[in-house]
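S.K.: Residue numbers (our numbering): 623 to 777. From the three backbone atoms N, C-alpha and C, an ideal C-beta is built for every residue, glycine too.
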């Protein structure tokens with residue numbers, strides 16, 4: 623079947639939406655959310671995503687004895703966030719066939735829907751001895767099957 627890896631074409635879309643209020647500690651001298659705060663908002667998005675789709679959250683990852691550090695981040699800023707703005711963070715899982723976690727993010731100001739940021743992150747898996755894993759961890763395969771990302775015979 624030509625569509626064996628049809629899920630790679632994003633036919634299954636897993637996304638989560640969460641909201642965060644911009645705090646005083648996150649703003650810069652221009653009274654805007656500091657550009658580095660958006661990295662934290664991505665973390666908030668991934669944490670919410672993991673709660674929404676059990677089996678891939680941080681508690682699940684650490685319980686397995688496997689770690690998934692961020693190895694790549696791309697951020698494009700479009701508009702500012704200010705103190706007490708509510709940012710709506712859309713986090714979307716992106717399938718890749720390898721042993722990695724990829725997410726896309728879109729952040730909008732809740733008050734007017736203005737696009738503030740688009741970003742991507744990539745995480746790789748390392749074992750307890752901090753060696754890079756080239757095969758997907760079992761919990762990740764189980765999670766991908768549970769949500770229809772891969773077929774039973776794929777791995």
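From the DSSP output, in three-state form, read off residue 685 for me.
M.R.: The answer is helix: DSSP assigns residue 685 an H, G or I state.
S.K.: Helix, strand or coil, according to DSSP, for residue 715 in the structure here?
M.R.: The answer is strand: DSSP assigns residue 715 an E or B state.
S.K.: Do residue 725 and residue 715 come within 8 angstroms of each other at the CB atom, strictly closer than that value?
M.R.: Result yes, Cβ atoms of residue 715 and residue 725 sit closer than 8 angstroms.
S.K.: For residue 664, collect the residues of the same chain with a Cβ closer than 8 angstroms to its Cβ; drop the 5 residues on either side in sequence, then sort them by chain order.
M.R.: Excluding positions up to five away in sequence, the list reads 695, 711, 713, 725, 727, 741, 743.
S.K.: Does DSSP put residue 659 in a helix, in a strand, or in coil?
M.R.: In this structure, residue 659 counts as helix in the three-state DSSP scheme.
S.K.: Which residues mark the beginning and the end of the beta strand (DSSP E) in which residue 769 is found?
M.R.: No beta strand (DSSP E) holds residue 769; DSSP gives it neither H nor E.
S.K.: According to the Cβ coordinates, are residue 730 and residue 721 closer than 8 angstroms?
M.R.: Not closer than 8 angstroms, so no.
S.K.: Please state the DSSP three-state secondary structure of residue 756.
M.R.: In the structure shown, residue 756 sits in coil (DSSP, three-state: anything other than H, G, I, E or B).
S.K.: When burial is assigned at 16 or more other CB atoms within 10 Å of the CB, is residue 667 buried or exposed?
M.R.: Its Cβ being crowded by 16 or more others within 10 Å, residue 667 is buried.
S.K.: Identify whether residue 729 lies in helix, strand or coil by the three-state DSSP scheme.
M.R.: Here residue 729 sits in strand by DSSP.
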